[in-house]
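Undergrad: Please find one structure pasted underneath; my questions will follow.
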Amino acid sequence: KKYVLVVWSFLLVFGCIAIFHQFSLAYLRTFGENTDFYKLCTMTLETTRTSIRKTNHTFQTNVKWIRDSMKVKGGKKLILWKRDEKCKK
Numbered sequence: 207k208k209y210v211l212v213v214w215s216f217l218l219v220f221g222c223i224a225i226f227h228q229f230s231l232a233y234l235r236t237f238g239e240n241t242d243f244y245k246l247c248t249m250t251l252e253t254t255r256t257s258i259r260k261t262n263h264t265f266q267t268n269v270k271w272i273r274d275s276m277k278v279k280g281g282k283k284l285i286l287w288k289r290d291e292k293c294k295k
């Protein structure tokens, strides 16, 4: 239950950030793109986006790992073995 709560709170926070950025970008496009403030905001937006993407990717990988290890007892050993088999090929 706690795990699910953490996941949802993360998603909520990231969603709010994304919405806020979209609004701020629309506002800035209306009031001029050449300002330093606009440049700063776009830079912030890009870095935020990339960090969110990376976080999301690692998060999904971890979830997959947990799910797979739950399916099979000693699941991690199985996954590691599968990975090593792929590397050999």
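Reminder that position 76 of the sequence shown reads as 282 in the working numbering, one-by-one numbering, no gaps. Ideal Cβ positions, reconstructed from N, Cα and C, are used throughout, including at glycine. Quantities reported herein were computed from a predicted structural model and do not represent experimental measurements.
(1) Determine the direct distance from the alpha carbon of Trp271 to that of Gly221, and round the result to whole angstroms.
(2) Keeping to the same chain, check which residues put their C-beta closer than 6 Å to that of Leu251; ignore five residues upstream and five downstream.
(3) Counting C-beta neighbours from all protein chains within 10 Å, is the total for Val219 16 or more, i.e. buried, or is it exposed?
(4) Given this structure, state the Cα-to-Cα distance separating Gln266 from Asp242, to the nearest angstrom.
(5) Rounded to a whole number of angstroms, what is the C-alpha to C-alpha distance between Ser257 and Thr248?
(6) Looking only at its own chain, which residues have a Cβ that is under 7 Å from the Cβ of Asn262, when we skip the five neighbours before and after it?
TA: In short:
(1) In the sequence shown, the residue the question calls residue 221 occupies position 15. In the sequence shown, the residue the question calls residue 271 occupies position 65. Going by the C-alpha atoms only, they are around 24 Å apart.
(2) The residue labelled residue 251 in the question sits at position 45 within the sequence shown. Answer for Leu251: His227, listed in chain order.
(3) Here residue 219 is taken as the residue at index 13 of the sequence shown, counted from 1. Exposed, by the Cβ-count rule.
(4) Here residue 266 refers to the residue found at position 60 of the sequence shown. Here residue 242 refers to the residue found at position 36 of the sequence shown. Approximately 36 Å, taken between the alpha carbons.
(5) Within the sequence shown, residue 257 is the residue found at index 51, counting from 1. Within the sequence shown, residue 248 is the residue found at index 42, counting from 1. One C-alpha to the other measures close to 14 Å.
(6) Start at 1 with the first residue of the sequence shown, and residue 262 comes out as number 56. Cβ neighbours of Asn262 beyond the five flanking positions: none.
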